[in-house]
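S.K.: The following block contains the structure, expressed as structure tokens.
4 protein chains.
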Amino acid sequence: MSTQTTDLRIGMVGYAFMGAAHSQAWRTVNRVFDLPLRARMTAVAGRDPGKVAAAAAQLGWQEHTTDWRSLIARDDIDLIDVCTPGDSHAEIAIAALAAGKHVLCEKPLANTIDEARAMATAAVRAEAGGVRSMCGFNYRRVPAVALMRQLIADGRVGEIRHVRAVYLQDWITDPQFPLVWRLQKDKAGSGALGDIGAHIIDLTQYVTGQRIAGVSALTETFVKQRPLTAGGSGDVTVDDAALFVARLDGGAVATYEATRFATGRKNGLRVEINGSLGSVVFDFERMNELEFYDAALPSDEQGFSRILVTEPDHPYIAAWWPPGHLIGYEHSFTHQARDLLEAIGTGVSPTPSFTDALQVQLVLDAVERSAALGSWAEVEPALTEVAA
Amino acid sequence: MSTQTTDLRIGMVGYAFMGAAHSQAWRTVNRVFDLPLRARMTAVAGRDPGKVAAAAAQLGWQEHTTDWRSLIARDDIDLIDVCTPGDSHAEIAIAALAAGKHVLCEKPLANTIDEARAMATAAVRAEAGGVRSMCGFNYRRVPAVALMRQLIADGRVGEIRHVRAVYLQDWITDPQFPLVWRLQKDKAGSGALGDIGAHIIDLTQYVTGQRIAGVSALTETFVKQRPLTAGGSGDVTVDDAALFVARLDGGAVATYEATRFATGRKNGLRVEINGSLGSVVFDFERMNELEFYDAALPSDEQGFSRILVTEPDHPYIAAWWPPGHLIGYEHSFTHQARDLLEAIGTGVSPTPSFTDALQVQLVLDAVERSAALGSWAEVEPALTEVAA
Amino acid sequence: MSTQTTDLRIGMVGYAFMGAAHSQAWRTVNRVFDLPLRARMTAVAGRDPGKVAAAAAQLGWQEHTTDWRSLIARDDIDLIDVCTPGDSHAEIAIAALAAGKHVLCEKPLANTIDEARAMATAAVRAEAGGVRSMCGFNYRRVPAVALMRQLIADGRVGEIRHVRAVYLQDWITDPQFPLVWRLQKDKAGSGALGDIGAHIIDLTQYVTGQRIAGVSALTETFVKQRPLTAGGSGDVTVDDAALFVARLDGGAVATYEATRFATGRKNGLRVEINGSLGSVVFDFERMNELEFYDAALPSDEQGFSRILVTEPDHPYIAAWWPPGHLIGYEHSFTHQARDLLEAIGTGVSPTPSFTDALQVQLVLDAVERSAALGSWAEVEPALTEVAA
Amino acid sequence: MSTQTTDLRIGMVGYAFMGAAHSQAWRTVNRVFDLPLRARMTAVAGRDPGKVAAAAAQLGWQEHTTDWRSLIARDDIDLIDVCTPGDSHAEIAIAALAAGKHVLCEKPLANTIDEARAMATAAVRAEAGGVRSMCGFNYRRVPAVALMRQLIADGRVGEIRHVRAVYLQDWITDPQFPLVWRLQKDKAGSGALGDIGAHIIDLTQYVTGQRIAGVSALTETFVKQRPLTAGGSGDVTVDDAALFVARLDGGAVATYEATRFATGRKNGLRVEINGSLGSVVFDFERMNELEFYDAALPSDEQGFSRILVTEPDHPYIAAWWPPGHLIGYEHSFTHQARDLLEAIGTGVSPTPSFTDALQVQLVLDAVERSAALGSWAEVEPALTEVAA
């Protein structure tokens, strides 16, 4: 850390689940990685004065405010970290970019295509002035996922034939679970689809290098009314589950499923990819492992190999512990912070860009259209055009 | 065996993979189970005189013939076991039933809906005269699958929300693999869809007690031409992979996938079912195990339990070995033979009936229609009406 | 089978668990494998006239007798298959060899070292006259175990450092389980040690090619009295569990454990071997799988690979089903029958020989001595000297 | 954190692997847990002036020094955290206790029994004055291990019959790996035995509540000479592997193995415990999981259940992430810091005490004696007597 002479001063908006995870990352990243920039936890913004003060103390932010706009107005803040629900992403991110602040925005990028497109356009414009933006698809930063991508990129899996992706949770199987914001369309945009489906869409597009070109989908809301915390009950206005088959633009076919009703699956993000030369399998509930089937080995020695992705030559690992000493969920955020500080510090564009995230939104949109119409829906490419 | 006074004399048509498996079952079933009927391997029929003679000697059939009709004409044969490719099922089975022979017919029941419907009608008519028929969905007879059904029937999984079924193989990933009959539509009816997709359709309908009501599908043929064994090459006229999302008539939503291009998956029939009270998971590559998640246990003790389905109180097992001593693939056929002998001997209708198998064909048909049209396809119920 | 012109006529003594397993093997072996000899199930002997008659009918033996000596006296019997408890092995096997009958004898070879040594001597003498003998360590014939041996023999594991072997069962954890013959020293010789410990001793010596040279052991009998089926209770005179550390003569160090009190482990024979270049792991509860860690692979791709040992180029498998279609416990006996028929038919000595089995007995003896004395015990090599 | 009014000011000695892990814990613990004391990272001591300065900057310590005694002399330090190799533990810890500082000392407690006994005596004396001490067996703080202990304490496993514990690593299988301090007896005390064997000794005694009463052991050094980093080579003076069978004072029998030559096992701490009512299994390479076999369930539903120990009602978890979001190795240190701050803050004695750690040393000593003599060695209880 002795060589780090430049601070990156951060203002975070939101301090709930994602805010806690991001804070842990900002506190840790420079303790573990050698980076050109040093993260400074300058201020956090939230709506409730008491809660935001407590969160600042608990999470380690130097200052706090109830006005996120004040963070953007400050000269001593370099990056806005957007950890709010999806309905406020566009407004905050676009304002921050306009003010010349770098932006890290949680996924899904926005609740509507229009908002997402506006954000992508703003990001491309800002990029021209050296202002960076990134969407927080943190699972890309799990070492086993990075290794998966690398094996595919190196041709070890060959031509990709099949993608099989599920993201299974079970936290709302109880019909008495209340109607939280994640179950309301105006706050969350969609249900399992945007919350966790977005992760497997991004992850599979990322590791395969292929774009989802079309889908045929169904969605379901199993529990249509739920208790309100204030008493009474209200309508669930998002999907409980979204399932679709898809074609990728490189020729693979795929199944996707996102649900919050898979009893016993707590955070079951699982992806299997079969190619002409091999297969790879990832399961987030065993996030330190990657399974790899190498069809180039002698036929009587082939098998799914459980690679413990904790070796020094695995992505991100050299900075951590010896082999076999696992890392956890929060490390994906620390790695995300690492990659972002590295990109900003060295002047390159971080990924996934807002345009990459718009692409995910376009898939979500196609899924909803297909489910509504009962027919195949094409996904348009996310081209971001900016007038000269 | 001393109490068995009645023989059931069998004529088998076909002696390849399925013929060998059925023969192993007929040879073994009365050695292991106490049954009201004793299987006699009377004669086997096949087209090639030399090969059918060799097969009879190898597999243990007393006689052999090149004329399957002669088996049906004989008075000393009670049951016709149809192990030929799907294009001849209807002709053989209908003739046998007409002659008053019980029929065991391999799956898929037929290559077309019309044939399957004719077979189901013939079976219902024959049933009135005490002539029994059964379709060979042998995976129903795996003890772990039977246990899965029992747990669901006992309400241990609760209201079923999700079915997740794949049948993954990889034996034709090599483009130089030849154009065998299973890759020709006129012989096989369809590709992965009918060969292995039919198994997961039947199995999930069987264990859930729900019918697939509608599907949205895609199919793909990755390798469109293959070498002929006689030289040159020919067109692959069936699907290499079939994927679909579905709704079951009891309210569950589902994904299905059948493929022969899942590198590393040899016989990967995997089914997961999530309900409001628990989940069950089966993987044929570990066919002696069933995973069960019981959400009624204390919350800090819940987990997917690996039940080794080899206890004396598990289905079929008391006749075999002590706990922990595994059984194999062929045992599913021995159990099928057991259930059929038991049903015929005690005068009850065996299952799955030809009507049950017709129901599977109707799903296959809907999958093909949906894939062709790019839209949702309803599955009609398999109602078998027989004129008085 | 058409080319098999010579019968091998078998007389089996004993018809309980092992008798049933051997019978299934004799019935099946020529249906599946092409062999120079054809097994004939000529006669079975047992003490109870009614039970042996029923067993003959159930298991498929042409004749039955209550006098095992009559089997040995017959000219039309070529091989005696000894499936009785260990206390009668020596008398039957030695008499059979003296009469010029080939002998297959279940493990453990005998209840005492003296008996085992006499049997080994008799076998060496008989061998000179072309009379063959083999001890039934059937787990050598599991394809995954045969593959394990082959990988080690091919140098893929390198210099062996560690052997880690357990055989865990739980069938007598209930103190009310009765005092069966396996819990009586005069019948069974020892408890878990000889019954299941013998298997892991033989298996590890077989796959490593190393001999156990010395041991330090403890044994325990947790439940010291048990109910008699006739009423009252009696003393358990064998070990419930035997644990030891060992040195192998090739330089490896090892741990061994055999117990019938490992709650939840039904037939948990697990062996792990670590060498300078790799490791192999086998678990009988997943007997169709072998795990292999190849340290010669690139460091970021190393992992324990789950080889599904069901490919045509795996040992024994070509005769069975397609890849991914599992085999079971009984197949190990069919493979044992195959190897024995092949050896006798082609005039070579089958393995494991009685001298190999004596070696296992010498280890069992050292374990008991070490446990009694609380000190290290050397294992003498099993040298069988026969006076000219 | 707003309620924390009291700081606990820490001086850490040593800053290598353990120092980094402890630092991460001190930085994080108050951000995640509500505690009566707030950890302050006051100063770190190390021998090399440049390196200790860099470490302080990297790890977040306010000051640094090359004189550990100066930390003890300071009034503004409340706790000494000993992260040095074992040969200096006694001197530092005893001096700190004498000065009235609380002490956290890494394991193994000391390199000799005499030192360990002196430390335990010093700790008991200090305790009378409210000065606390704890030995750093961090694996006790893995949530799955804490759950394992709780299940056993609640009687869910019944009377314990078997303990099966291994700690397998492979980082020195290469004979060219250099002669680091951990391979030198004067620095490290012993090899695999004290480094990792100590962990499984402590862990199994902790979760069972039983003490190892006697052992029969062997140790081995596979590679007897290794390169020195300064050139040339030197003798390896510690064990590469230590294996032993044992009896626990509650009646269980056990096997233990610690090795650095288990190719492919990176941090394979695995413990299985079988009792009369159930079994539990833990594998550190899957540290977020606990397997539990409950023999009280209906017999056809029993199986090893994979409990994902990430629920809010699991030990330590409520402070972290939602279910299914894993934690890693470093969290065991954060939990250790939490428990220590809680104990000091509320005025109770933390565990494991130095006397508990002395007990582990006495087992290590018995293992070495048994291996040297080739005979059973009793383990004396760790009674700490302090003269009035």
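Just so you know, the protein sequences line up as chains A, B, C and D, in that order. Under full-length UniProt numbering, think of the first position of the first sequence as 1, with each following residue one higher. Under full-length UniProt numbering, think of the first position of the second sequence as 1, with each following residue one higher. Under full-length UniProt numbering, think of the first position of the third sequence as 1, with each following residue one higher. Under full-length UniProt numbering, think of the first position of the fourth sequence as 1, with each following residue one higher. The beta-carbon is built from N, C-alpha and C at its ideal position, and this holds for glycine as well.
In angstroms with no decimal places, state the Cα-to-Cα distance between arginine 47/C and glutamate 91/C.
M.R.: Going by C-alpha positions, arginine 47/C is about 15 Å away from glutamate 91/C.
S.K.: Can you give me, in chain order, the residues of the stretch 138-169 of chain D that have a beta carbon less than 9 Å from any beta carbon in chain C?
M.R.: Val157, Gly158, Glu159, Arg161, His162, Arg164, Val166 and Leu168
S.K.: Contact check, phenylalanine 244/C vs histidine 162/D under 8 Å by CB: the rounded distance?
M.R.: The Cβ separation is near 14 Å, so there is no contact.
S.K.: Return the first residue and the last residue of the alpha helix (DSSP H) that phenylalanine 354/B is part of.
M.R.: 354-373
S.K.: Report the rounded CA-to-CA distance for isoleucine 77/D versus leucine 71/D, giving the unit in angstroms.
M.R.: 7 Å
S.K.: Does DSSP classify histidine 102/C as helix, strand or coil?
M.R.: Looking at histidine 102/C - three-state DSSP - the assignment turns out to be strand.
S.K.: For aspartate 202/B, does the three-state DSSP call read helix, strand or coil?
M.R.: helix
S.K.: Can you say whether lysine 101/A is buried or exposed, counting buried as having 16 or more other CB atoms within 10 angstroms of its CB?
M.R.: Counting the other Cβ atoms within 10 Å of the Cβ of lysine 101/A gives 16 or more, which makes it buried.
S.K.: Roughly how many angstroms lie between the CA atoms of serine 2/A and glycine 209/D, to the nearest whole one?
M.R.: No answer about serine 2/A holds up, because its pLDDT of 41 lies below 50 and its placement is not dependable.
S.K.: According to DSSP, which residues form a beta bridge with proline 227/B?
M.R.: Ser233/B
S.K.: Per DSSP, what are the beta-bridge partners of glutamate 289/B in this structure?
M.R.: Leu308/B
S.K.: With distance defined between alpha-carbon atoms, name the residue in Thr355/B, Phe282/B and Ala95/B nearest to arginine 211/B.
M.R.: Thr355/B
S.K.: If we count the other Cβ atoms within 10 Å of its Cβ and call it buried at 16 or more, is glutamine 336/D buried or exposed?
M.R.: buried
S.K.: Using a Cβ-Cβ distance cut-off of 9 Å, determine whether alanine 192/B contacts chain A.
M.R.: Answer no: the Cβ-Cβ gap between alanine 192/B and chain A never drops below 9 Å.
S.K.: Excluding five sequence neighbours on each side, which residues of the same chain lie with their C-beta closer than 7 Å to the C-beta of leucine 97/B?
M.R.: Val103, Ala122, Ala123, Ala126, Val131 and Ser133
S.K.: Do the CB positions of alanine 153/C and threonine 263/D come within less than 9 Å of each other?
M.R.: The answer is no: Cβ separation not under 9 Å.
S.K.: Work out the CA separation of glutamate 285/A and glycine 347/D for me, nearest whole Å.
M.R.: A straight line joining the alpha-carbon of glycine 347/D with that of glutamate 285/A spans about 38 Å.
S.K.: Any idea which residues DSSP pairs threonine 6/C with across the strands?
M.R.: Note: threonine 6/C sits in no beta bridge, so no partner.
S.K.: Which residues in chain B sit within 8 Å of valine 360/A, going by Cβ to Cβ distance?
M.R.: Within chain B, no residue has its CB atom less than 8 Å from the CB of valine 360/A, the nearest being about 20 Å off.
S.K.: Going along chain A, which residues have a C-beta under 9 Å from phenylalanine 177/B?
M.R.: The premise fails here: phenylalanine 177/B is roughly 12 Å from chain A at the closest Cβ pair, so nothing lies under 9 Å.
S.K.: Identify each residue in the stretch 294-310 of chain A for which the Cβ-Cβ distance to at least one residue of chain E is less than 9 Å, and report them in chain order.
M.R.: No chain E is present in this structure, whose protein chains are A, B, C and D.
S.K.: Going by Cα to Cα distance, which pick from Phe33/C, Ala73/C and Arg27/C is closest to glycine 60/C?
M.R.: Taking only the C-alpha atoms, the option nearest glycine 60/C is Arg27/C.
S.K.: Our contact map puts histidine 64/D next to valine 52/D with C-beta atoms below 8 Å; I'd like the distance itself, whole angstroms only.
M.R.: That pair is a contact at about 5 Å.
S.K.: Taking valine 271/A as the query, report the chain B residues whose CB atoms sit under 9 Å from its CB, ordered along the chain.
M.R.: For the C-beta of valine 271/A, not a single chain B residue is nearer than 9 Å; the gap to the nearest is close to 14 Å.
S.K.: Once DSSP output is grouped into helix, strand and coil, what is the label at asparagine 111/A?
M.R.: coil
S.K.: How about the stretch 195-205 of chain C and the stretch 218-231 of chain D: do they share at least three Cβ pairs that are nearer than 8 Å?
M.R.: Touching, no.
S.K.: Would you identify the three-state DSSP class for glutamate 378/C, choosing helix, strand or coil?
M.R.: In this structure, glutamate 378/C counts as strand in the three-state DSSP scheme.
S.K.: If you follow the beta strand (DSSP E) that asparagine 274/B is in, where does it begin and where does it stop?
M.R.: 268-275
S.K.: Can you tell me which of the three DSSP states histidine 64/D falls into?
M.R.: strand
S.K.: Enumerate in chain order the residues of its own chain whose CB-to-CB distance from arginine 156/D is below 6 Å, with the five nearest sequence positions on each side excluded.
M.R.: Gly278
S.K.: Just checking: is the beta-carbon of phenylalanine 333/C within a distance shorter than 9 Å of some beta-carbon in chain A?
M.R.: no
S.K.: Let's see if you can read the secondary structure: which residues bound the beta strand (DSSP E) around isoleucine 152/C?
M.R.: Run containing isoleucine 152/C: none in the beta strand (DSSP E); it sits in the alpha helix (DSSP H), 143-153.
S.K.: Pull up the distance between the alpha-carbon of phenylalanine 333/B and that of tyrosine 316/B, whole angstroms please.
M.R.: A direct Cα-to-Cα measurement between phenylalanine 333/B and tyrosine 316/B gives close to 12 Å.
S.K.: Which stretch, first to last residue, makes up the beta strand (DSSP E) that contains serine 332/D?
M.R.: For serine 332/D, no beta strand (DSSP E) run applies; the uninterrupted alpha helix (DSSP H) run containing it begins and ends at 329-346, by DSSP.
S.K.: Might you give, ordered along the chain, the residues of its own chain that have their beta carbon closer than 7 Å to the beta carbon of serine 216/A, omitting 5 neighbours on each side?
M.R.: Phe244, Val245, Ser370 and Trp376
S.K.: Can you look up alanine 387/C in the DSSP assignment and give me helix, strand or coil?
M.R.: With a pLDDT of 49 at alanine 387/C, under the threshold of 50, the modelled position of that residue is not reliable, and the figure given next carries that caveat. If DSSP states are grouped into helix, strand and coil, alanine 387/C belongs with coil.
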